[in-house]
Amino acid sequence: MIPFELLSPETGHPLRPDTPHSLADASNGARWPVVDGIPYLRTNRIELIEGVLARLDSGDADEALALLLADQDDWWNGPPADPDDLLRLVRERDTATLRDAVRLLGWGRVGDYFLHRWSDPTFLAGLALLEAHWNEPRCVFEFACGIGHYLRELRRRGCKVAGADVVFAKLWVARHWVTGREAQLVCFDAGSPHWPIPGAPADLVICNDAFYFLDDKAGVLECLRQNAGDDGWLAVSHIHNSDRPGFSAGRAVSADEIDELFPDGFVYDDDELTGALVEARAPAPRKAGDLRDAEAFSVVAGPGMRPAPRSVVDGLTLPREGTLLSLNPLYRRDRTGMFRIVWPSERYEAEYAVRVTYPLRSPGPERLDWIGPSDAEAVTRVRTREFVDLPERW
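Each number in the numbering used here corresponds to the 1-based position in the sequence shown with 3 added.
Here's what the structure looks like:
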């Protein structure tokens with residue numbers, strides 16, 4: 004476990020357990036729920052917190068959990084989840100698949116992205132960024148970690164991992180289907196009056212496909228730098244470029260703003276990182292001003308980063324040897340016996356089809372025993388994510 008102290012997001016005072024399912028602020032007596040080991044520290048959810056604590060105190064943990072699973076971020080514009088579906092998921096969490104969880108949570112197109120993120124170019128660019136500057140970090144903190152795709156990869160490489168997100172349900176899904184219980188998880192909003200985990204002793208702090216959502220980017224970045232400390236480094240990937248139209252909500256940034264926010268950073272075009280992974284080479288950083296046409300930026304910064312990127316040939320970008328891989332689940336068998344890509348939605352196709360690394364048709368098979376990079380016949384198919392390493396209960 005990473006030894007960081009939780010503070011109240013309202014007062015900045017330390018939080019201490021007062022029951023097995025809650026934390027308390029000794030300065031004012033305020034209580035915060037903890038469900039499945041995940042503290043819920045959102046500051047603008049007073050009625051929700053009171054309702055959850057009341058159910059926890061009365062022993063109705065399933066009802067309390069269902070209330071938290073219905074909570075969403077302020078960008079969400081989809082319909083609310085069905086309360087009966089949430090209770091069903093709570094009851095069936097030990098047998099349900101990740102696909103079941105996404106469906107019962109009512110995540111819609113967001114669920115499509117989570118289910119297939121293991122092969123999307125955004126995720127691969129982030130992996131390549133980490134591997135190019137890898138320096139054997141021991142403790143990693145991911146801000147806006149979603150359902151834990153990166154935490155899963157980092158934990159399996161021996162790192163102690165912690166993650167935070169504004170949506171409790173994403174963290175809960177991470178706990179049960181993706182990261183396991185070894186990951187420390189906490190739910191809080193970046194706009195809280197106080198950062199709940201200041202000075203966390205992390206060697207590496209990461210944020211992927213979320214930085215552009217933040218209102219106070221400079222303020223949050225300063226908090227993340229404090230989490231990394233004097234010797235750690237930051238990897239902030241897939242930051243949408245405000246000079247390019249995109250598909251996601253949020254507040255994109257310009258190349259000039261990247262320069263201002265990361266004066267010590269190595270800046271990359273996301274497409275360059277994905278290309279480096281597929282081609283097993285070192286990615287080339289550029290000046291931010293030279294990337295005004297990039298769809299998205301990725302940056303590493305801080306004193307602990309490598310002085311120059313190395314070739315993306317092993318480590319995070321390839322599965323561990325001996326892993327049984329699955330044919331990318333985007334493939335469906337056609338009448339000829341071949342497999343072809345079937346997009347989960349028109350939006351997904353519009354966003355990713357021109358950037359994906361895997362072929363649109365595959366001969367299969369449906370499973371592949373991965374023996375490592377020495378398997379010359381398979382390595383390209385694994386690099387391109389024609390085959391992927393999915394969670395056990397995908």
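Where is the CB? At the ideal position from N, CA and C, for every residue including glycine.
If residue i sits next to residue j, beta carbons under 8 Å apart, how far is it from one beta carbon to the other, in whole angstroms?
i      : j      : result
Gly183 : Asp168 : That belief does not hold up - the Cβ atoms of Gly183 and Asp168 are roughly 16 Å apart, past 8 Å.
Arg178 : Phe216 : 23 Å between Cβ atoms; not a contact.
Leu294 : Val270 : 7 Å
Phe214 : Ile261 : Not quite, the Cβ-Cβ distance comes to about 10 Å (not below 8 Å), so this is no contact.
Leu90  : Val105 : Actually they do not touch by this definition, with Cβ atoms about 16 Å apart.
Glu380 : Tyr361 : That belief does not hold up - the Cβ atoms of Glu380 and Tyr361 are roughly 16 Å apart, past 8 Å.
Val170 : Asp76  : 5 Å
Nearest to residue i by CA position, among the options, is which residue?
i      : options                        : result
Pro306 : Trp236, Asp63, Thr326, Asp115  : Trp236
Asp28  : Tyr43, Ala99, Trp346, Leu10    : Leu10
Ser25  : Arg58, Asn47, Glu156           : Arg58
Val93  : Leu207, Ala238, Leu70, Asp115  : Leu70
Glu349 : Asn80, Phe7, His16, Arg112     : Arg112
Gln187 : His16, Ala221, Phe146          : Phe146
Gly129 : Asp273, Ala283, Arg336, Ala291 : Asp273
Val391 : Asn331, Glu354, Val382, Arg335 : Asn331
Val38  : Trp198, Arg19, Ala64           : Ala64
Cys226 : His243, Ser245, His197, Leu132 : His197
Gly40  : Tyr153, Ala165, Ala283         : Ala165
Ile374 : Glu95, Leu132, Pro322, Tyr355  : Pro322
Ala311 : Glu66, Cys162, Asn47, Asp267   : Asp267
Asp160 : Ala353, Glu139, Arg48          : Looking at the sequence shown, residue 160 is not Asp but Arg. Minimum Cα distance to Arg160 is reached at Glu139.
Leu133 : Arg335, Glu354, Leu276, Thr383 : Leu276
Evaluate residue i with the Cβ neighbour count: other Cβ atoms within 10 Å of its Cβ, from every protein chain shown; 16 or more gives buried, anything less gives exposed.
i      : result
Leu174 : buried
Leu327 : exposed
Met341 : exposed
Gly109 : buried
Pro286 : buried
Asn31  : exposed
Trp180 : buried
Lys290 : exposed
Val189 : buried
Gly278 : buried
Can you check whether the CB of residue j is closer than 8 Å to the CB of residue i?
i      : j      : result
Leu393 : Trp121 : yes
Val303 : Leu280 : no
Leu56  : Pro36  : yes
Ser329 : Arg386 : no
Thr339 : Asp212 : no
Arg45  : Phe191 : yes
Ile200 : Asn230 : yes
Leu207 : Ala172 : no
Glu185 : Arg158 : yes
Leu101 : Arg396 : yes
Pro204 : Pro347 : no
Arg313 : Ala135 : yes
Tyr351 : Asp115 : yes
Pro83  : Ala73  : yes
Val345 : Arg336 : no
Glu156 : Leu319 : yes
I'd like the span of the alpha helix (DSSP H) that includes residue i, first residue to last.
i      : result
Thr22  : Careful: Thr22 lies outside any alpha helix (DSSP H), inside the beta strand (DSSP E) at 18 to 22.
Asn230 : 220 to 231
Ala213 : Here Ala213 belongs to no alpha helix (DSSP H), and DSSP marks it neither H nor E.
Phe126 : 124 to 135
Ile49  : 49 to 60
Asp262 : 258 to 264
Arg289 : It is not in any alpha helix (DSSP H) - Arg289 carries neither H nor E in the DSSP assignment.
Arg91  : 86 to 94
Phe117 : 111 to 118
For the beta strand (DSSP E) containing residue i, list its first residue and its last residue.
i      : result
Cys142 : 142 to 146
Val302 : 299 to 304
Trp175 : Here Trp175 belongs to no beta strand (DSSP E); instead the alpha helix (DSSP H) covers 171 to 176.
Gly166 : 163 to 168
Ala238 : 236 to 243
Any chance the CB of residue i is under 7 Å from a heavy atom of the ligand COA?
i     : result
Ala33 : Ligands displayed in this structure: none; no statement on the ligand COA is therefore possible.
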